[in-house]
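Enquirer: All residue numbers for the sequence shown refer to the numbering used here, where the first residue is 1069 and numbers rise by one. Idealized CB from N, CA, C, for every residue including glycine.
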Amino acid sequence: MNKKYVVRLAEGEREHLEKLVRQGRAHARELLYARILLKADANGPAWTDERIAEALETSTATVARERRRCFEEGLRVALMPRKPARPRRRVLDGRAEARLIALACSDPPKGRERWTLRLLADRMVELEYVGSVSYETVRRTLKKTSLSRT
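1. Is L1100 closer than 8 Å to L1124 when the C-beta atoms are compared?
2. I want to know whether the segment 1176-1187 touches the segment 1143-1153 - three or more CB-CB distances under 8 Å.
3. My parser needs the alpha helix (DSSP H) runs of 4 or more residues fully inside the segment 1086-1156; what are they?
4. Is it right to say T1205 is buried, meaning 16 or more other beta carbons lie within 10 angstroms of its own, or is it exposed?
5. Identify, in the order they occur along the chain, each residue of the same chain with its Cβ nearer than 7 Å to the Cβ of E1196, setting aside the five sequence neighbours on each side.
6. If you follow the alpha helix (DSSP H) that V1193 is part of, which residue opens it and which one closes it?
7. Taking L1168 as the reference, give the member of S1202, P1155, M1192 with the closest Cα.
8. From R1090, R1082, L1088, G1092, pick the residue whose C-alpha is nearest to that of A1108; which is it?
9. On the criterion of 16 or more Cβ atoms from any shown chain inside 10 Å, does A1189 qualify as buried, or is it exposed?
10. Does V1159 come out as helix, strand or coil in the three-state DSSP assignment?
11. Going along the chain, which residues of its own chain have a beta-carbon closer than 7 Å to the beta-carbon of S1174, five neighbours each way excluded?
12. Applying the 10 Å Cβ sphere with the 16-neighbour rule, what's the burial state of R1093?
13. Can you check which of these residues, R1150, P1152, E1194, R1156, is closest to L1171 by C-alpha distance?
14. On the DSSP letters alone, give me the boundaries of the alpha helix (DSSP H) that L1210 sits inside.
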């Protein structure tokens, strides 16, 4: 099968990758990508994508993607993990965070000794500060402050 993206490493690039893998002091993903490129090198072993994926316990899509990235963007870029395509939208902006902190500092509902994360999340929705929010988002937001809920 003819591959559209053929990896041909120069001698210096190959030595760099071999040294990187041998030392093993890089991030795990970077080491995986280096191993993929070494096995896919047309000047070296030139393994098939399926064989590389099986040997390195990854998917053939990952192998194909790394082969393409090395071909199109170069070796240095191919070793780096990709940034997410779109940034995550914040559920609580600054105003909502301030309201959450004020709510957490207020008296708890009747019959309760203190606010729970789930109660805070539910009250934020009741008061229409946000459309929906999980208790985990409330926990992460309160953790950023030195606020103690006890």
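Expert: Quick answer:
1. yes
2. no
3. 1096-1108, 1117-1124, 1128-1141, 1143-1147
4. buried
5. none
6. 1185-1194
7. M1192
8. R1082
9. buried
10. coil
11. none
12. exposed
13. E1194
14. 1203-1211
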